[in-house]
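In terms of my numbering, the sequence shown has 558 at position 105, counting the first letter as 1, and numbering is strictly consecutive. Virtual Cβ for every residue (Gly too), placed ideally from N, Cα, C. The structure appears below as C-alpha cells.
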Amino acid sequence: IISYVAPIGIFFGRIANFINGELVGKTTDVVWGVIFPKIDNNIRHPSQLYEAFFEGLVLFLILLFFRKKGLVKKPGLISGIFLFFYSIFRFLIEFFRVPDEQLGYLFLNLSMGQIISFIFLLFGIYLIKKNYN
C-alpha cells in the first residue's frame, strides 16, 4: 500500500518546496518561469511543480492503472513499477533543476539525483522482472 500513497506524499512535499522556494530550477525564459525572491531575481523553471505533477499526480495515476487492470498480483511488483517510473521522471526533471550546491555535477556531468535515480531504475527493473509472471 505504501507504493500507492507515496506519490501523494511526494506531490505535497514538492508543493511545499515550491512555496518555500527550495530546490529551485535553473534560470529560463519560458513564460511560466517563476522568480524566487529568497534566492535571486532570476526567472527559473518551477522544477518543484514539474516534480509534483510527474512524480506525484502522474505516477499515482499510473499505479492506479496497473492496480485496476489487475496486473499487480505479486508483492514487490507495484514497488518495482513505482521505482521504474519515479526514476525516469526524476532523472529527466533533474535537467531543469539546480544541483545541490555542496555537490554540483558529478560523474558524466550528472547530478546526485540523476545518479541515484539510475540506481533506483535498475532496482525497479529487477523487482519487475522478479515479480512479474
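In this structure, the CA atom of R543 is about 10 Å from the CA atom of I568. In this structure V458 is exposed. Its beta-carbon is surrounded by fewer than 16 other beta-carbon atoms within 10 angstroms.
Secondary structure in the region 462–523: the alpha helix (DSSP H) runs of 4 residues or longer, each lying completely within the stretch, are 500–504 and 512–521 in chain order. Selection L510, M565, Y539 and F560 evaluated against R550 yields M565 as nearest (Cα-Cα). Looking at E547, F573 and G577, the one whose alpha-carbon comes closest to that of Q501 is E547.
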